[in-house]
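In the numbering used here, the protein residues as written are 32 to 316. A short write-up of the structure that comes next.
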């Protein structure tokens, strides 16, 4: 019996060429795919980079702190930034101008002036708008440079005084100091160097006013400095006003204004006998 020889599995030249061509095509396709992926990734990275250049970071897009302040808050900041003399120092200086006197009112001029009654001291040019007032001519000095009645906003006035705005001489503390019989003296103090600008008797008070002032002082067993301390212990900040007032027939109070780091003003009514806070109100303007 004859056995047929085992055939070897050989490819024809045509089949071999087809396989080689197919493999080459696969390699080329893979290369194109990798190139496309690389270009896509690079494009995405480039696009992200360009977007980052166009879109600012959130931290830089936020408005400045000053831009967020109201007009009243900006005014408080402006005046307080220029003030060097504290409430305590101004109070000590004012009382020293009147023999045996006691402080009944002390305000930093230019801070929330609209919220307080007019001081008996010359305040004609103390208008927030800086408009001239008929009382400009009543300046104690009459000098165009020495008048203490300038506008708190620094606007031009008839006297051109720089004392009530953070300018050449800076802001002013306006104090009312009473003698034992209730006679009130108005003392104006430069809030930058602490020097007394003017001190004189209030000519507008009558006997009834004097009696009321003397009575209130006799009822107040706590000092304005003690009341200011109570207020600032409740809210950290700068004292801009302290005033002795009637508590609707329930004794007397020290009304204390404190401006915080947010430039908002909080008013504390402190019982003038026991230093208890009877009212607290924050002005968000």
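Ideal Cβ positions, reconstructed from N, Cα and C, are used throughout, including at glycine.
For residue 129, the three-state secondary structure derived from DSSP is coil. The DSSP-derived three-state label of residue 274 is strand. For the set 256, 271, 213 and 227, the Cα lying nearest the Cα of residue 125 is the one of 227. Contact between the region 228-239 and the region 265-280 is absent, with fewer than three C-beta pairs closer than 8 Å.
The Cβ atoms of residue 255 and residue 134 sit closer than 8 Å to each other. Comparing alpha-carbon positions, the option among 212, 275 and 204 lying closest to residue 225 turns out to be 204.
Looking from the CA of residue 116, the closest CA among 222, 131, 104 and 127 belongs to 222.
Here residue 296 is buried. Its C-beta has 16 or more other C-beta atoms within 10 Å.
Residue environment: residue 123 is assigned as exposed (fewer than 16 neighbouring CB atoms within 10 Å of its CB, all protein chains considered). Partner residues in the beta bridge of residue 296, as assigned by DSSP, are 290 and 314. Here the alpha carbon of residue 278 sits roughly 13 Å from the alpha carbon of residue 287.
Boundaries of the alpha helix (DSSP H) around residue 110: 102-113. The three-state reading of DSSP puts residue 269 in strand, counting E and B together. Classified as buried, residue 217 has 16 or more neighbouring CB atoms from the shown chains inside 10 Å of its CB. For the set 291, 140, 202 and 300, the Cα lying nearest the Cα of residue 100 is the one of 291. Taking the Cβ atoms as the reference, residue 128 lies roughly 19 Å from residue 202, outside the contact range of under 8 Å.
Under the three-state reduction of DSSP output, residue 263 falls in the helix class.
DSSP, read as helix, strand or coil, puts residue 230 in strand. With a contact defined as Cβ atoms closer than 8 Å, residue 282 and residue 244 miss out at about 15 Å. Residue 220 and residue 118 have their C-alpha atoms some 11 Å from each other. Assignment of residue 210 by DSSP, reduced to helix, strand and coil, places it in the coil class. Where residue 244 is concerned, the enclosing alpha helix (DSSP H) starts and stops at 238-250. In the three-state reduction of the DSSP assignment, residue 119 falls in the helix class.
Annotation for residue 305: no beta strand (DSSP E) segment contains it, and DSSP assigns it neither H nor E. DSSP places residue 217 in the uninterrupted beta strand (DSSP E) bounded by 215-221. For the pair residue 142 and residue 107, the Cα-to-Cα distance works out to about 6 Å.
Around the Cβ of residue 249, a 10 Å sphere holds fewer than 16 other Cβ atoms; the residue is exposed. Of the residues 301, 310 and 131, the one whose Cα lies closest to the Cα of residue 257 is 301.
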